[in-house]
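Chemist:
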Amino acid sequence: MTVAREATAIPGTTTSTRDGGVSTSRTRRRRRGWTPALVPWLFLAPALLLFLYFKFIPMAEGIRLSLYKVQPFLGDIFVGMKNYATVLNDAAFQDSAVHTLVLAFGQTLGSMVVGFFLALLLEGQARSLWFVRSAVFLPVVAATAVIGEIWRVLYFPDPNGFANHVLSWIGLGPSQFLDSPNSALISVMLVGIWKNAPYDMVLILAGLASIPREQYEAAAIDGTNVFQRLWYVTLPALRPVVTILLTLAAIRGLRVFTEVYVLTGGGPAGATSVWMTTVFSRGFEKNDIGVASAASVMLFLVTFALTVIVQVWRRAREAR
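For the sequence shown, UniProt numbering begins at 1 and goes up steadily by one.
Printed below as a string of structure tokens:
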């Protein structure tokens, strides 16, 4: 009987044992099925642990602290949404919100325009362009604190300062730059544009490289000039890149902190105070951790909502 069963068995399979155990081939098949699925997670595990410990756990703790009046060594007191109401009614946060929006809008628009023209100038296949592109990209990789200190020297308000000396060549100046409430915010904005424009340039260069050359040739045959080709060929093709840049630049502008803190510290007279400098001052100078945590959570919700809105708008536009 055993020989007959083995003879009639289908090739490539094994029969179950008498005690009901699973066949060895099925066991091996299951093990092979689990192994490939676990390999990517094994490689991701170190990064996920770092993100969990240094990002997600602190985020959860910040949300918890936003609901408490934090009293170190005395015990936290639950206050619910009172900290959020304090942020909304605080004049310092209201002024910093206006400054943040102005700075974010100016830096976003300025860096995209400058980055677009830099990309047009540096587009091509010439071997020498790699060196120029690398030199232009240096502000992005440089430390923001170092950039801030360098620009503080350039903005020295004396008539013999570098920026004032350059302005004197065209009959302008001298200007107080960072020391005047009327010009401090614009001066900080120019530093942000100078630092962020090369990053936008790299993304726009990638978008320009994906545009088929045939479209330019067809437009030239139709008799269009350079500006018409930019308007009707280049800009429509760059629409996905522009959408990504707008999202990244807007988030970057809303979270601006280091350059403002290094250049002005929020002064003079609060003229350059932004949301993050006010959060820093409230949390670490006035020791009001609960209100500072609530303001940070509100900023996270705004940036998250902005990202979702832009993505939904982009997908709806692509679906048309």
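Even glycine gets a Cβ: it sits at the ideal position worked out from N, Cα and C. The model shown is predicted, which means the values in this text are computed figures rather than measured ones.
Would you say T258 and A135 are within 8 Å of each other, going by their C-beta atoms?
Modeler: No. Outside cutoff.
Chemist: Give the DSSP-derived three-state secondary structure of F227 in the structure shown.
Modeler: In this structure, F227 counts as helix in the three-state DSSP scheme.
Chemist: Let's test the definition: count the other Cβ atoms within 10 Å of the Cβ of F93 and tell me whether it reaches 16, buried, or not, exposed.
Modeler: F93 is buried by the Cβ-count criterion.
Chemist: From the DSSP output, which residues share a beta bridge with F78?
Modeler: Answer is Y68, bridged to F78.
Chemist: Assuming contact is defined by CB atoms lying nearer than 8 Å, are L185 and T272 in contact in what I supplied?
Modeler: Against a cut-off of 8 Å, the Cβ pair of T272 and L185 comes out as a contact.
Chemist: If contacts are defined as beta-carbon pairs under 8 Å, then A250 and L306 qualify, I think. What distance do you get, rounded to the angstrom?
Modeler: Rounded, the Cβ-Cβ distance is 6 Å, consistent with contact.
Chemist: Check N182 in the structure and name its three-state DSSP category.
Modeler: Coil, per DSSP.
Chemist: Excluding five sequence neighbours on each side, which residues of the same chain lie with their C-beta closer than 7 Å to the C-beta of M112?
Modeler: The answer, listed in chain order, is D200, L245, A249.
Chemist: Along the chain, where does the alpha helix (DSSP H) containing A305 start, and where does it finish?
Modeler: Where A305 is concerned, the enclosing alpha helix (DSSP H) stretches over 289-319.
Chemist: Rank V260, V98, K286 by C-alpha distance to the C-alpha of G192 and give the top, closest one.
Modeler: It is V260 whose Cα lies nearest to the Cα of G192.
Chemist: Are L208 and A119 close, meaning C-beta to C-beta below 8 Å?
Modeler: Yes, the Cβ-Cβ distance between L208 and A119 is below 8 Å.
Chemist: Cutting at 7 Å between CB atoms, please list the residues of its own chain near V291, excluding the five before and the five after it.
Modeler: Same-chain partners within the cutoff: N83, T86, V87, R282.
Chemist: Between the C-alpha atoms of D95 and A219, what's the straight-line distance to the nearest angstrom?
Modeler: In a straight line, the C-alpha of D95 is about 49 Å away from that of A219.
Chemist: How is D200 classed by DSSP in three states: helix, strand or coil?
Modeler: Helix, per DSSP.
Chemist: Taking the C-alpha atoms as reference points, what is the distance between I170 and N164?
Modeler: So the two alpha carbons sit approximately 10 Å from each other.
Chemist: Relative to the C-alpha of V279, which candidate in I309, S66, A37 has its C-alpha closest?
Modeler: Of I309, S66, A37, the residue nearest in Cα terms is S66.
Chemist: Contact check, L263 vs G148 under 8 Å by CB: the rounded distance?
Modeler: About 5 Å; that satisfies the 8 Å criterion.
Chemist: In the structure shown, what three-state DSSP assignment does A142 receive?
Modeler: In this structure, A142 counts as coil in the three-state DSSP scheme.
Chemist: With a cut-off of 8 Å on the beta carbons, I'd call F137 and V202 a contact; round off their distance for me.
Modeler: Contact holds; Cβ gap of about 7 Å.
Chemist: Is it right to say K195 is buried, meaning 16 or more other beta carbons lie within 10 angstroms of its own, or is it exposed?
Modeler: K195 should be labelled buried.
Chemist: Enumerate in chain order the residues of its own chain whose CB-to-CB distance from S187 is below 7 Å, with the five nearest sequence positions on each side excluded.
Modeler: If we look at S187 and ignore the five residues flanking it on each side, its Cβ neighbours are Y155, F177, L178.
Chemist: Over what stretch of residues does the alpha helix (DSSP H) that includes L172 continue unbroken?
Modeler: First-last for L172: undefined, no H or E at that position.
Chemist: Can you tell me the Cβ-Cβ gap for I211 and V241, rounded? I've got them flagged as a contact below 8 Å.
Modeler: Contact flag wrong, Cβ pair sits at about 10 Å.
Chemist: Do you know offhand how far E214's Cα is from T247's?
Modeler: One C-alpha to the other measures close to 30 Å.
Chemist: For A319 and Q311, what's the separation of their Cα atoms in angstroms?
Modeler: Near 12 Å, if we compare the C-alpha coordinates of Q311 and A319.
Chemist: Nearest to L254 by alpha carbon, out of P46, T108, W231, R314?
Modeler: When each option's Cα is compared against that of L254, the closest is T108.
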